[in-house]
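Colleague:
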Amino acid sequence: MHVLVTGGSGYIGSHTVLELLKDGHQVSVVDNLSNSSEESLRRITKMTGKKIAFHNFDLVEGDQLDKLFSNNSFDVVMHFAGFKAVGESVYKPIKYYQNNLDSTLSLCQVMSKHGVKKLIFSSSAVVYGPPDRVPITEDMLLHPTNPYGHTKAMIEQILSDIVQTNQGWEITALRYFNPIGADESDMIGEDPTGIPNNLVPYISQVAVGKLDKLKVFGNDYDTPDGTGIRDYIHVTDVAKGHVAAMHKLPRPNHMAIYNLGTGKGNSVLEVIEAFKKASGKDIPYVVAARRPGDIAEYFASVSKVKDKLNWQVEKIFFRPVKILGVGSQKILMGIANS
Ligand SMILES: NC(=O)c1ccc[n+]([C@@H]2O[C@H](COP(=O)([O-])OP(=O)(O)OC[C@H]3O[C@@H](n4cnc5c(N)ncnc54)[C@H](O)[C@@H]3O)[C@@H](O)[C@H]2O)c1
0 MHVLVTGGSG YIGSHTVLEL LKDGHQVSVV DNLSNSSEES LRRITKMTGK
50 KIAFHNFDLV EGDQLDKLFS NNSFDVVMHF AGFKAVGESV YKPIKYYQNN
100 LDSTLSLCQV MSKHGVKKLI FSSSAVVYGP PDRVPITEDM LLHPTNPYGH
150 TKAMIEQILS DIVQTNQGWE ITALRYFNPI GADESDMIGE DPTGIPNNLV
200 PYISQVAVGK LDKLKVFGND YDTPDGTGIR DYIHVTDVAK GHVAAMHKLP
250 RPNHMAIYNL GTGKGNSVLE VIEAFKKASG KDIPYVVAAR RPGDIAEYFA
300 SVSKVKDKLN WQVEKIFFRP VKILGVGSQK ILMGIANS
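Sequence positions in the sequence shown follow numbering that gives the first Met the number 0 and run 0 to 337.
(1) Measuring only the C-alpha atoms, how far is Q204 from V75?
(2) Suppose you measure from the CA of V4 to the CA of S300; what does that come to, to the nearest Å?
(3) Looking at chain C, is there any beta carbon in it that lies within less than 9 Å of the beta carbon of V125?
(4) Shortest alpha-carbon distance to P92 belongs to which of H149, G114 and L106?
(5) Grouping DSSP H, G and I as helix and E and B as strand, with all else coil, what is M381?
(6) Identify, in the order they occur along the chain, each residue of the same chain with its Cβ nearer than 8 Å to the Cβ of L210, setting aside the five sequence neighbours on each side.
(7) In whole angstroms, what is the alpha-carbon distance linking A238 and H14?
(8) Work out the CA separation of K45 and L67 for me, nearest whole Å.
(9) Residue ranges of each alpha helix (DSSP H) run of no fewer than 4 residues wholly in the stretch 54-125, ordered along the chain?
(10) Under the rule that 16 or more other beta-carbon atoms within 10 Å means buried, what is N34, buried or exposed?
(11) List in chain order: all unbroken beta strand (DSSP E) runs of 3+ residues lying wholly within the stretch 1-38.
(12) At a cut of 8 Å, does the stretch 228-242 reach the stretch 164-176 through at least three beta carbon pairs?
(13) Given L104, which residues of its chain have a CB within under 8 Å of its CB, disregarding the five upstream and five downstream residues?
(14) What does the alpha-carbon distance come out to for the pair P291 and S88?
(15) What residues in its chain sit with their C-beta under 6 Å from that of I170, if we drop five residues either side in the sequence?
(16) For the beta strand (DSSP E) containing I170, name the first residue and the last one.
(17) Given a cut-off of 9 Å, decide if Y257 and L308 are closer than it, judged by their beta-carbon atoms.
(18) For S111, which of H54, M139, S72 and L40 has the nearest alpha-carbon?
(19) Which full runs of the beta strand (DSSP E) of 3+ residues lie inside the stretch 240-312, going along the chain?
(20) Starting from A52, follow its DSSP beta bridges and name the residues at the other end.
(21) For my contact list, D221 and A295 are in at a C-beta cut-off of 8 Å; report their separation, rounded to the angstrom.
(22) For the beta strand (DSSP E) containing L158, list its first residue and its last residue.
(23) Cβ of I187 within 9 Å of Cβ of R42?
(24) Among all the DSSP beta bridges, which residues are the ones paired with K214?
(25) How would you write the range of the alpha helix (DSSP H) that I187 sits in, first residue to last?
(26) Quick one: measure Cβ to Cβ for V242 and D22, integer angstroms, because I've assumed they're closer than 8 Å.
(27) Suppose you measure from the CA of A80 to the CA of D30; what does that come to, to the nearest Å?
(28) Any heavy atom of ligand 1 closer than 8 Å to the CB of A244?
(29) Measure the C-alpha to C-alpha separation of S302 and M153 and round it to an integer number of angstroms.
(30) Between the beta-carbon of V28 and the beta-carbon of L17, is there less than 9 Å?
(31) Do V2 and M245 have their CB atoms nearer than 9 Å?
(32) Select from P223, G9, N196 and G208 the residue whose C-alpha is nearest the C-alpha of F216.
(33) Are the Cβ atoms of L268 and R229 separated by less than 9 Å?
(34) Y231 lies in the alpha helix (DSSP H); which residues open and close that run?
(35) Would you mind working out which of H233, N145, R250 and V125 sits nearest W168, comparing C-alpha positions?
(36) What is the rounded straight-line gap between the Cα of S123 and the Cα of K151?
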């Protein structure tokens with residue numbers, strides 16, 4: 000199949016491009032490089048010997064997208080492109096609504112025009128907001144607590160309305176919990192610009208001395224050690240989840256929604272301890288105030304995705320095997336199976 004991957008040079012997109020190539024598909028990527036570089040794709044080509052057609056433009060630019068669809072025949076689109084920082088979205092809501100919604104609408108419009116109706120969308124567990132209970136099942140009501148989460152819930156709503164038009168759309172939304180880690184090759188990984196928003200890249204930057212200390216946001220949550228509990232899923236498992244979803248799209252005029260998680264939670268302090276043990280590096284930290292919009296505990300129910308997509312995580316225990324400084328900027332962390 001010829002798969003168009005939006006946001007394909009970013010963290011999760013690039014790992015998915017790799018898994019798609021390994022699964023024998025042709026891959027094209029659109030990315031405006033607002034939060035990534037083309038280096039990830041160059042490395043994937045080096046690793047696999049397979050070409051990736053790369054198109055550097057903003058999805059909001061419908062004319063360029065239209066031209067791309069006129070010149071190619073795509074079977075499926077995987078839509079990763081978007082802004083993803085919860086904290087930033089609270090301070091810059093317009094930026095988030097504009098980019099995440101406009102890019103998706105532009106994409107769907109062009110797909111519709113060219114008769115490409117198979118779409119896999121990167122949603123997030125943040126759509127659930129504070130859950131009434133854990134594990135979180137897909138049928139729970141959505142109460143996002145920040146603009147980023149609202150964009151994901153709104154896009155899910157838009158996609159659900161699109162399938163109701165009975166024009167043959169087959170759409171899957173995957174709600175990721177907390178993707179971490181890097182491909183086993185250590186050739187690609189997570190390389191955020193500025194101060195990382197997510198725990199593991201933050202710890203990695205402290206471990207290699209790029210940052211002095213980790214900030215643990217809140218140790219007064221109602222959890223066993225007071226720190227937040229999240230469901231950390233290996234990025235390669237997330238990537239493989241996309242390949243599984245592509246092979247089992249819902250029937251025409253239907254939308255499917257699945258959690259992608261491990262079904263198990265770990266606290267911030269547990270993650271720090273595990274990282275210290277595995278890497279032999281000290282991780283100094285200070286406790287800071289809770290971040291607005293953060294939630295005490297969430298982890299996924301994975302029964303539905305196991306049942307319907309026959310997918311489950313292969314990497315459960317995180318055991319960082321290497322912490323590498325690549326050039327002056329890049330930090331990659333490899334996580335292997337225990
Ligand atoms: N990483 C996580 O923890 C997480 C969790 C849940 C959901 N998600 C979602 O998964 C998707 C991928 O996340 P990621 O961690 O790989 O992020 P990322 O920032 O590494 O990748 C997103 C890519 O999209 C590109 N992009 C953004 N806006 C664009 C636009 N208008 N046109 C073209 N390209 C654009 C960026 O340059 C970047 O390469 C996002 O939609 C994110 O919201 C991520």
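Here a beta-carbon is modelled for each residue, glycine too, at the ideal position from N, C-alpha and C.
Modeller: In brief:
(1) 36 Å
(2) 27 Å
(3) Any reference to chain C falls outside this structure, which holds one protein chain only.
(4) H149
(5) Outside the shown range of the chain (0 to 337) lies residue 381, about which nothing can therefore be said.
(6) Around L210, the same chain offers I194, Y201 and Q204 as residues with beta carbons nearer than 8 Å, after the five sequence neighbours per side are excluded.
(7) 6 Å
(8) 25 Å
(9) 61-70, 85-90 and 92-112
(10) buried
(11) 1-5 and 25-29
(12) yes
(13) I157
(14) 11 Å
(15) L118, L158, V162 and M254
(16) E169 to Y175
(17) yes
(18) S72
(19) 253-259 and 284-287
(20) A52 has S27 as its beta-bridge partners, per DSSP.
(21) 6 Å
(22) Note, L158: premise wrong, no beta strand (DSSP E); alpha helix (DSSP H) at P146 to V162.
(23) yes
(24) V285
(25) Run containing I187: none; DSSP gives neither H nor E here.
(26) 5 Å
(27) 7 Å
(28) no
(29) 25 Å
(30) no
(31) In this structure, the beta-carbon distance from V2 to M245 falls below 9 Å.
(32) Selected option, being the one with the closest Cα: N196.
(33) no
(34) Segment Y231 to H233 is the beta strand (DSSP E) holding Y231; no alpha helix (DSSP H) there.
(35) R250
(36) 7 Å
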